[in-house]
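Engineer: In the numbering used here, the protein residues as written are 297 to 435. Every residue, glycine too, gets a C-beta built ideally from N, C-alpha and C. Here the structure is a predicted model, which means the values were calculated and not measured.
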């Protein structure tokens with residue numbers, strides 16, 4: 297079996313993680329891993345370690361901090377490096393990459409042309425007014 301990369305995009309709260317958890321439940325085996333990786337993971341780790349974030353609270357203040365720090369990380373190309381490193385750790389499996397910014401999605405597509413992109417939305421969910429969320433439909 298080969299490795300497959302799926303870039304999953306969409307605003308917060310539409311069910312991206314839930315979808316991946318279902319795929320994992322039904323398709324993961326010891327020989328075929330299902331990975332769920334987000335470009336924001338390093339930012340979340342930094343907020344927990346250095347700024348006292350509890351890892352759960354996602355109010356306007358913490359969302360703003362996430363977006364601001366993530367933009368700084370992007371300026372140093374850190375999310376791309378992190379995602380490529382995680383992809384390379386999987387030999388056989390399915391890797392879901394959560395990326396919201398169209399420019400960041402394009403960077404992965406340029407490195408891994410066979411990556412599939414998908415956008416998730418849900419009618420009942422109001423898109424948060426952050427730079428990370430409001431442009432998700434642009435890719």
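With 16 as the cutoff for other CB atoms within 10 Å, does residue 399 come out buried or exposed?
Structural biologist: exposed
Engineer: Any chance the segment 376-393 sits against the segment 352-364, with 3 or more Cβ pairs inside 8 Å?
Structural biologist: no
Engineer: How big is the Cα-Cα spacing for residue 322 and residue 306?
Structural biologist: 23 Å
Engineer: In or out: residue 397 buried (at least 16 other Cβ within 10 Å) or exposed?
Structural biologist: buried
Engineer: Is the beta carbon of residue 316 less than 8 Å from the beta carbon of residue 391?
Structural biologist: no
Engineer: In terms of alpha-carbon separation, which member of 417, 342 and 330 lies closest to residue 368?
Structural biologist: 342
Engineer: By the 10 Å Cβ neighbour count, where 16 or more other Cβ atoms means buried, how is residue 412 classified, buried or exposed?
Structural biologist: exposed
Engineer: On the criterion of 16 or more Cβ atoms from any shown chain inside 10 Å, does residue 417 qualify as buried, or is it exposed?
Structural biologist: exposed
Engineer: At which residues does the beta strand (DSSP E) containing residue 339 begin and terminate?
Structural biologist: Run containing residue 339: none in the beta strand (DSSP E); it sits in the alpha helix (DSSP H), 337-347.
Engineer: Take residue 386 as the anchor and find which of 335, 313, 326 and 414 has the nearest alpha-carbon.
Structural biologist: Ranking the options by Cα distance to residue 386, first place goes to 326.
Engineer: Take residue 382 as the anchor and find which of 319, 365, 364 and 335 has the nearest alpha-carbon.
Structural biologist: 335
Engineer: With a CB to CB cut of under 8 Å and the five nearest residues on each side skipped, what residues in its chain are close to residue 319?
Structural biologist: 330, 390 and 392
Engineer: Cα-Cα, which of 371, 338 and 349 is closest to residue 403?
Structural biologist: 371
Engineer: Residue 406 to residue 337, Cα distance in whole Å?
Structural biologist: Distance between the alpha carbons of residue 406 and residue 337: 21 Å.
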